[in-house]
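S.K.: Dropping the structure in here first, questions after.
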Amino acid sequence: MSEIIKENTEIKCSDLVGEKSNTEKKIIFSGAQPSGKMTLGNYLGAIKNWTMFQDDYECYYSVVDLHAITVPQDPATLRRQTFELLAQYIACGIDPEKCTLFIQSHVIEHLELMWVLNTMTYMGELNRMTQFKDKAKKSELNLNAGLFTYPVLMAADILLYQADLVPVGEDQRQHIELTRDLANRFNNRFSDTFKIPEGFMPKEAARVMSLQDPSKKMSKSDSDPNAFILLADDSDAIARKIKRSVTDSVGVVRYSDEQAGIKNLIDIYANLSGKSVEEIVSMYEGKGYGVFKQETAEIVVETLRPIREKYLYLLENKDYLKEIYASGAVKAQAKARKTLRKVYKKIGFVARER
Ligand code: TRP
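In terms of the working numbering, the sequence shown opens at residue -8 and continues consecutively.
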């Protein structure tokens, strides 16, 4: 494994922007699986960051449906969720005029590069992937080869676009390392072909916890729907879930690990309001949890309202969404093909006539 993977935890968005040269924008790639509705956690932990890059970087954001089928999917649900995720990207502020938004399966090059990289990936490397090991433990009945080579497809996603930076969650760190290893391996064996990408995992990206058990991450697959807030939840549901969120018996709004429920709400409040933790704590000095929860709920409701409205509007306008992903695929493919052509040439494949 490469030692050189850089910890990007200290880099701030503004620093990155400062690096940009005017002639050539740096490239960002990221993707999410169409595996159900997005939560407040996905928004604050990922998508909100994606929107911050769009003015200064050349951004490619994909709905990774090829990855989704590594676990069984109901076809109608997969199709619906693909539209929903695309609509949520846009509703959250990702501007299709500025970014390339596309559906992974529409750009065949992902699979072509994956095959090449498969032939350069060691079984041992994939065996070490903790996400694979976790998934394998959970579903022994569905230990398919796709689940095993999932990280290679992810590497292909990233390398095709010559991405400089890949904003992802902490759980993807190992996959980014593999991507870098594969890029270096190819470059060393043939010659410089791939940009070596870096993961972008900002510490300050909110890690939103379950409202019912703040020791766990907020997840839409939680069996208790009160544990998570969906971007598509209506205002009443949001207010109710926050009101019922688990706290403690201390009764003082303080930012401490012993009061994990309150800490989580402060983080959410801080992220959405732009206020610092200290400011919030002092605002609620001498006030109880009731007021604090109510005002936190108001901020969440007001933030999510326009997102939900736009989301519902977009879902009613499928033709618009189709235009977005159709032109996205054309743009993405142009970039991807360029990389793949180089790869095929270096490997020794005979160039296609026409
Ligand atoms: N594996 C990522 C996840 O589950 C999704 C993903 C697929 C991805 N391809 C990617 C993320 C490329 C970043 C870059 O979150």
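The C-beta atom is built at its ideal place from N, Cα and C for all residues, glycine as well.
1. Looking at the structure shown, is residue 48 part of a helix, part of a strand, or coil, going by DSSP?
2. State the DSSP-derived secondary structure class of residue 200, mapped to helix, strand or coil.
3. Helix, strand or coil for residue 190 per DSSP?
4. Does the contact criterion of 3 or more C-beta pairs under 8 Å hold for the stretch 298 to 309 versus the stretch 234 to 242?
5. State whether the stretch 54 to 67 contacts the stretch 13 to 27, with contact taken as three or more CB pairs (one from each stretch) at a distance under 8 Å.
6. How would you call residue 154, buried or exposed, if buried means at least 16 neighbouring beta carbons within 10 angstroms?
7. DSSP three-state call for residue -6: helix, strand or coil?
8. Does the Cβ-Cβ distance between residue 54 and residue 35 come in under 9 Å?
9. Give me the Cα-Cα distance between residue 277 and residue 128, rounded to the nearest whole angstrom.
10. Can you have a look at residue 341 and say buried or exposed, based on whether 16 or more other CB atoms are within 10 angstroms of its CB?
11. Report, in whole angstroms, the separation of the C-beta atoms of residue 288 and residue 93, which I expect to be a contact under 8 Å.
12. Who are the near neighbours of residue 138 in its chain, counting only those whose CB is closer than 8 Å to its CB and skipping five residues on each side?
13. Counting only runs that start and end within the stretch 39 to 108, where is the beta strand (DSSP E) found for 3 or more residues in a row?
14. Which residue wins for smallest C-alpha separation from residue 295, given the options 268, 260, 283?
15. Please check the pair residue 158 and residue 19, which I expect to be a contact at CB under 8 Å, by giving their CB distance rounded to whole angstroms.
16. Considering residue 257, what are the terminal residues of the alpha helix (DSSP H) in which it resides?
17. Determine which residues share a DSSP beta bridge with residue 19 and list them.
18. For residue 132, count neighbouring Cβ atoms within 10 angstroms of its own Cβ and tell me buried if that reaches 16, exposed if not.
19. Less than 6 Å between C-beta atoms, sequence neighbours within five positions excluded: which residues of the same chain meet that for residue 346?
20. Would you report the Cα separation of residue 67 and residue 38, rounded to the nearest angstrom?
21. Would you list the one or two residues that DSSP bridges to residue 30?
22. So what's residue 126 in DSSP terms, helix, strand or just coil?
23. Give me the Cα-Cα distance between residue 363 and residue 113, rounded to the nearest whole angstrom.
24. Is residue 22 near the ligand TRP, with its Cβ less than 8 Å from a heavy atom?
25. Hey, out of 336, 64, 335, 305, whose CA is closest to residue 84's CA?
M.R.: On the basis of the coordinates in this document:
1. Residue mapping note: residue 48 aligns to position 57 of the sequence shown, counting from 1. Coil at residue 48, not helix or strand.
2. On the sequence shown, position 209 is the one that residue 200 refers to. Here residue 200 sits in strand by DSSP.
3. As a working mapping, residue 190 is identified with position 199 in the sequence shown. Three-state DSSP puts residue 190 in a strand.
4. no
5. yes
6. Position 163 of the sequence shown holds residue 154. Residue 154 comes out buried.
7. Locating residue -6 in the sequence shown gives position 3, where the first residue counts as 1. Note that residue -6 scores 36 on pLDDT, short of 50, meaning its location in the model is unreliable; the coordinates nonetheless yield the value given after this. Residue -6: coil per DSSP, three-state reduction.
8. Numbered from 1 along the sequence shown, position 63 holds the residue referred to as residue 54. Numbered from 1 along the sequence shown, position 44 holds the residue referred to as residue 35. Not closer than 9 Å, so no.
9. For the purposes of this step, residue 277 is taken as residue 286 along the sequence shown, with counting starting at 1. For the purposes of this step, residue 128 is taken as residue 137 along the sequence shown, with counting starting at 1. Using only the alpha carbons, I get a separation of about 48 Å.
10. Locating residue 341 in the sequence shown gives position 350, counting from the first residue. Exposed, because fewer than 16 other Cβ atoms sit within 10 Å of the Cβ of residue 341.
11. As a first step, residue 288 is located in the sequence shown; it is residue number 297 there, counting from the start. As a first step, residue 93 is located in the sequence shown; it is residue number 102 there, counting from the start. So it is not a contact: roughly 36 Å between Cβ atoms.
12. Indexing the sequence shown from 1 puts residue 138 at position 147. Excluding positions up to five away in sequence, the list reads 61, 62, 123, 126, 127.
13. 49 to 54, 91 to 94
14. Stepping through the sequence shown from its first residue, residue 295 is reached at position 304. Out of 268, 260, 283, 260 has the C-alpha closest to the C-alpha of residue 295.
15. By one-based count along the sequence shown, residue 158 stands at place 167. By one-based count along the sequence shown, residue 19 stands at place 28. The Cβ separation is near 7 Å, so the contact holds.
16. Working through the sequence shown from its first residue, we reach residue 257 at position 266. Element bounds for residue 257: 251 to 264.
17. Residue numbering aside, residue 19 sits at position 28 when the sequence shown is read from its first letter. Paired residues: 50, 156.
18. Position 141 of the sequence shown holds residue 132. Residue 132 sits exposed, since fewer than 16 C-beta atoms from the chains shown fall within 10 Å of its C-beta.
19. The structure shown does not extend to residue 346, since the chain is modelled only from -8 to 345, so the question has no answer here.
20. For the purposes of this step, residue 67 is taken as residue 76 along the sequence shown, with counting starting at 1. For the purposes of this step, residue 38 is taken as residue 47 along the sequence shown, with counting starting at 1. Each residue's alpha carbon lies about 25 Å from the other.
21. As a working note, residue 30 is residue 39 in the sequence shown. The partner list for residue 30 (beta bridge, DSSP) reads 221.
22. Locating residue 126 in the sequence shown gives position 135, where the first residue counts as 1. In the three-state reduction of the DSSP assignment, residue 126 falls in the helix class.
23. This structure does not reach residue 363, given that the chain is present from -8 up to 345, and the question cannot be answered.
24. In the sequence shown, residue 22 corresponds to position 31, counting from 1. Within the cutoff, so yes.
25. Residue 84 sits at position 93 when you count from the first residue of the sequence shown. Of 336, 64, 335, 305, the residue nearest in Cα terms is 305.
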